[in-house]
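Have a look at the structure below before the remarks.
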Amino acid sequence: MLHSFPTPYRNELWYSVMYRHMVRNGSLSTMEGRMKEVSFSVLYDKSIARVVSELPKDTFMVEDLVMKHTLFPYITRTYSFERKKRYLNALIAESISTISWNASAKIPTCLKYCPICRKEELERYGECYWHREHQLPLVTICPEHGCRLIWFRNKANRYNALGFEEEPLFDTELYENALASISYQYLTDPFHVCPPSENEGLFLALEKGGYASVKKGRMLTVDPELLYKDMLEFYGEKLVKRYFSGQVTHEHLLKIKNWLFEEPERYIMVSALVEKDTNCSLGEAKIHSA
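In structure tokens form, the structure reads like this:
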């Protein structure tokens, strides 16, 4: 039986919950070894079901912890309802320990935090915590406060949940606000919201946004070269090449249209470019009964 296990804060990353538990119940010398059992990839990990089994009955539900304190809803946002429900049930039953996230960009080895969130939490709770929404790959600003997130890079204190006191910076770009907003919607939309069979909403927005071209046979399509040019101008070369390599191709567009990329980042980037929200990239989102 676990003792003095903390109640997770709103949107607290599961990794952070486990850190606070270790601080309360373990010495710093043993904490690092125990924390190796927790996935640093900020995804779901097997420690959730194990912890729930060691707490008094009905203290927490595994499904609630997965949905509210990991990036599982974001990672599976582009999956069919049946597929992500199957994953969720398997995770709850511990028949699989984690989900492999084959993102084109590696998950960072550091965490991010908002200096304003940190200050407010210290004043309100006497402690602060890692937020799951801050760890979304394309998020560089706090969705709540609009200031730039700070990377916590001190490897010697990798499990330190406090970070450092820093002045907030608001020197953000327009695209950062758009990416943060849409990424947060991907994370927090209801579980039963999932994409249709084809990404018609996003492609209609691209065509109306001036990216349409006519191929032989008068078939309307999206011009990949023009799209890539504008993406470079809007996001900068580094971010675009991270997810689209050296160009946007017809193959990229076909995969986006048919939801063949499993990672959400490319859909979010294209959607933010045409100044649309999640309803654009998810098209006429399917709603399934829970």
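Take 3 as the starting number for the sequence shown in the working numbering and just add one per residue. Quick reminder that beta carbons are idealized off the backbone N, C-alpha and C, glycines included. Every value quoted in this text rests on a predicted model; they were computed, and no experiment measured them.
At least 8 angstroms separates the beta-carbon of V25 from that of I50. According to the DSSP secondary-structure assignment, F154 is paired through a beta bridge with L113. Apart from the 5 residues on each side of it in sequence, E168 sits with its Cβ closer than 8 angstroms to the Cβ of P117 and I152 in its chain, given in chain order.
As DSSP reads the structure, I143 sits in a beta bridge with R150.
Out of E267, K114, L4 and K121, the CA that lies nearest to the CA of R134 is found in K114. The beta carbons of C144 and F172 sit no closer together than 8 angstroms. Look at T223 here: in three-state DSSP terms it is strand.
The C-beta of G128 has fewer than 16 other C-beta atoms within 10 Å across all chains shown, which makes the residue exposed. Between the region 74-89 and the region 177-197 there are three or more C-beta pairs closer than 8 angstroms, enough to call the two in contact. For E178, the enclosing alpha helix (DSSP H) has its first and last residue at L176 to T190. Shown here, H5 sits in coil according to DSSP, grouped into three states, outside any helix or strand.
Y11 and Y188 have their C-alpha atoms roughly 20 angstroms apart.
Across the set P8, N91 and E146, the C-alpha of E146 shows the shortest separation from the C-alpha of P170.
At least 8 angstroms separates the beta-carbon of L255 from that of S185.
In the DSSP secondary-structure assignment, S215 is bridged to T223.
With contacts defined as CB atoms closer than 8 angstroms, E14 and H71 qualify as a contacting pair. Here E200 carries a coil assignment [DSSP, helix/strand/coil]. For F246, the enclosing alpha helix (DSSP H) stretches over residues E239 to F246. Here the alpha carbon of N201 sits roughly 19 angstroms from the alpha carbon of M233. H23 is bridged by DSSP to nothing; it lacks a bridge partner. Rounded to whole angstroms, the separation of the alpha carbons of M3 and L57 is 6 angstroms. Judged by their CB atoms, Y269 and I258 are nearer to each other than the 8 angstroms cut-off. E14 carries a strand assignment under DSSP once its states are collapsed to helix, strand and coil.
With at least 16 other beta carbons inside 10 angstroms of its own, D225 counts as buried. Taking the Cα positions, E239 is about 33 angstroms away from S18.
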